[in-house]
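Accompanying notes for the structure given below.
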Amino acid sequence: MRIGVIGSGIAGLVSARKLCDAGHQVTLFERQPTVGMDAHSLDIPAVDGTPMVRADVPSRMFNETQWPHLFQVYKDLGIESTAVCSSQAFCHFPGSVFLTLEQAIKPMTLAGKLLDRKAQRILGAAARLQKVGIQDLQQDDVLQSLTLEQYLRQREFSDEFIQEFLYPTLSSTVFTCSYSAVANYPAKTALSILQNLTRNTTLLKTRYGTQDATKRLLHGDIQLRLSCGVQVVERLDDQVEVRLIDGTAAIFDHVIVATQANTAGKLVSALSDSELGILGSFRYESISIYVHTDTQWMPERRRQWATFNMLVSEDRRAAMCSVWLNRFHADWDIESPIFQTINAFAEPDADKVLAKCVMQRPVVSPDSNRGWDALEAMHQEPNRRIWYCGSYAGRGTPLLESGVVSALAVVEAVETACMGSVS
Ligand SMILES: Cc1cc2nc3c(=O)[nH]c(=O)nc-3n(C[C@H](O)[C@H](O)[C@H](O)COP(=O)(O)OP(=O)(O)OC[C@H]3O[C@@H](n4cnc5c(N)ncnc54)[C@H](O)[C@@H]3O)c2cc1C
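Here this note's numbering is used: the sequence shown runs in plain steps of one and ends on residue 423.
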């Protein structure tokens, strides 16, 4: 079959790879000049004799427990991984560090110094959340459709723990969104991911970076068409037409739309109200990411720098996370520090900014289940030829894993549909 895939993020790449391996003729369209998953990564030029390095933007992590399908795809393609030092520092911005962790909830003290009261209170609450969270996850009726905020209030966790530790961690790393979106996450989703991450604290990154991973995903007969923005996807009788912004068109037996849901809703013509409603039910926030050299966006004392530095705003309603890239990329051979700051709520020194990008991030709420159920039902409709996948479309937290899971589900559905049309 001739299959068109639109979008080369993880979901589009995995769909294209699997369908190509199954013997289909696959064309992958990407509107950007480079593969979507690697489109924001940055080559940092050589300075003072130091070599040029490449920073993955964003710097993404995974492990086998929370990302089993991604892990398997990478393993099958020989994409190697390496452990990341997952130390964290929490501080006020402006202000000083009040907690440093070697890895998830494992405190680090400097030169035998005892943890102060604040750090002790936060760690005590983290241990309690781990304990009651596990119990509550086993009794589904306790969580029902509670949001994370409702759950934490019900269990009487303090503002200090929520706003200066838990939300900074979730809003800057796993969920990458605002505090209000974190608060509205289903308690069950948040507790499950916290449980998985504290069970397996080793976090990995791809050893040779995203560029290498995308090359391996694309290896073989996939026809990749970069700088090819799709304008319209239109269902014909037994085929689908893809019209590009440059005015050309191509015909396929099936088309997989692997863009964000809000883009998909605009690309596909003549969608029914119900289809529009389903795609429109997935919500997004915009996240800004800076790559820079501004040490003002790090804890004041260099000896307190961790890989992930959570900087909590004075009003405790937001946190940004500065990733110390030299620590994240342990193989970099450069001295001068380079950072990547996610969720910036302040203005950086413009002279120290190497790059800025804004990314769309799906956010999950207790209503998201309805969207996932409806999307699944839509994909089971007979004679379907247009399919949707992306990290928003897999149940749970939108991460690389949900992108892979949704892609694998669509591949299976397309294969079944193809077998039906052959017989
Ligand atoms: C700051 C940050 C940190 C993150 N950290 C992690 C992490 O540590 N671990 C993890 O698992 N996940 C992480 N994520 C999430 C993860 O990066 C995303 O969930 C995932 O990359 C989304 O993949 P996708 O394929 O769904 O969509 P995208 O990557 O958004 O792909 C969609 C593609 O479609 C293309 N497109 C759109 N419209 C058109 C068109 N008209 N024609 C052609 N092409 C089009 C776009 O250019 C894009 O390339 C992070 C996200 C952010 C923002």
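Here a beta-carbon is modelled for each residue, glycine too, at the ideal position from N, C-alpha and C.
Quick caveat: nothing in here was measured; it's all calculated off a predicted structure.
Start-to-end residues for the alpha helix (DSSP H) that takes in residue i
{"i": "residue 69", "result": "68-76"}
{"i": "residue 199", "result": "187-199"}
{"i": "residue 218", "result": "209-218"}
{"i": "residue 379", "result": "368-379"}
{"i": "residue 167", "result": "167-172"}
{"i": "residue 17", "result": "10-21"}
According to DSSP, residues forming a beta bridge with residue i
{"i": "residue 83", "result": "204"}
{"i": "residue 342", "result": "289, 321"}
{"i": "residue 234", "result": "241"}
{"i": "residue 355", "result": "291"}
{"i": "residue 43", "result": "54"}
{"i": "residue 362", "result": "284"}
{"i": "residue 259", "result": "BP columns for residue 259 are empty, so no partner."}
{"i": "residue 225", "result": "29"}
{"i": "residue 99", "result": "90"}
{"i": "residue 62", "result": "204"}
{"i": "residue 268", "result": "233"}
{"i": "residue 147", "result": "186"}
Buried or exposed by the 16-neighbour rule on C-beta atoms within 10 Å, applied to residue i
{"i": "residue 11", "result": "buried"}
{"i": "residue 236", "result": "exposed"}
{"i": "residue 416", "result": "exposed"}
{"i": "residue 40", "result": "buried"}
{"i": "residue 52", "result": "exposed"}
{"i": "residue 188", "result": "buried"}
{"i": "residue 135", "result": "exposed"}
{"i": "residue 73", "result": "buried"}
{"i": "residue 172", "result": "buried"}
{"i": "residue 400", "result": "buried"}
{"i": "residue 30", "result": "buried"}
{"i": "residue 200", "result": "exposed"}
{"i": "residue 259", "result": "buried"}
{"i": "residue 48", "result": "exposed"}
{"i": "residue 9", "result": "buried"}
{"i": "residue 86", "result": "buried"}
{"i": "residue 58", "result": "buried"}
{"i": "residue 270", "result": "exposed"}
{"i": "residue 82", "result": "exposed"}
{"i": "residue 322", "result": "buried"}
{"i": "residue 101", "result": "buried"}
{"i": "residue 383", "result": "exposed"}
{"i": "residue 216", "result": "buried"}
{"i": "residue 276", "result": "exposed"}
{"i": "residue 229", "result": "exposed"}
{"i": "residue 95", "result": "exposed"}
{"i": "residue 88", "result": "buried"}
CA-to-CA distance, residue j to residue i, given in whole angstroms
{"i": "residue 32", "j": "residue 233", "result": "18 angstroms"}
{"i": "residue 206", "j": "residue 198", "result": "21 angstroms"}
{"i": "residue 428", "j": "residue 61", "result": "Outside the modelled stretch of the chain, which goes from 1 to 423, sits residue 428, for which no answer is possible."}
{"i": "residue 196", "j": "residue 65", "result": "7 angstroms"}
{"i": "residue 303", "j": "residue 246", "result": "53 angstroms"}
{"i": "residue 306", "j": "residue 170", "result": "17 angstroms"}
{"i": "residue 144", "j": "residue 23", "result": "44 angstroms"}
{"i": "residue 278", "j": "residue 374", "result": "7 angstroms"}
{"i": "residue 77", "j": "residue 45", "result": "30 angstroms"}
{"i": "residue 209", "j": "residue 56", "result": "7 angstroms"}
{"i": "residue 129", "j": "residue 165", "result": "12 angstroms"}
{"i": "residue 280", "j": "residue 213", "result": "31 angstroms"}
{"i": "residue 298", "j": "residue 163", "result": "19 angstroms"}
{"i": "residue 34", "j": "residue 351", "result": "26 angstroms"}
{"i": "residue 38", "j": "residue 224", "result": "14 angstroms"}
{"i": "residue 315", "j": "residue 344", "result": "15 angstroms"}
Bounding residues of the beta strand (DSSP E) (the contiguous stretch that carries residue i)
{"i": "residue 55", "result": "53-55"}
{"i": "residue 92", "result": "88-93"}
{"i": "residue 309", "result": "308-313"}
{"i": "residue 249", "result": "249-252"}
{"i": "residue 387", "result": "386-388"}
{"i": "residue 5", "result": "2-6"}
Beta-carbon gap between residue i and residue j smaller than 8 angstroms
{"i": "residue 181", "j": "residue 358", "result": "no"}
{"i": "residue 115", "j": "residue 414", "result": "no"}
{"i": "residue 6", "j": "residue 252", "result": "no"}
{"i": "residue 406", "j": "residue 418", "result": "no"}
{"i": "residue 28", "j": "residue 222", "result": "yes"}
{"i": "residue 338", "j": "residue 177", "result": "no"}
{"i": "residue 158", "j": "residue 125", "result": "yes"}
{"i": "residue 257", "j": "residue 249", "result": "no"}
{"i": "residue 204", "j": "residue 84", "result": "yes"}
{"i": "residue 90", "j": "residue 313", "result": "no"}
{"i": "residue 99", "j": "residue 122", "result": "yes"}
{"i": "residue 14", "j": "residue 404", "result": "yes"}
{"i": "residue 318", "j": "residue 179", "result": "yes"}
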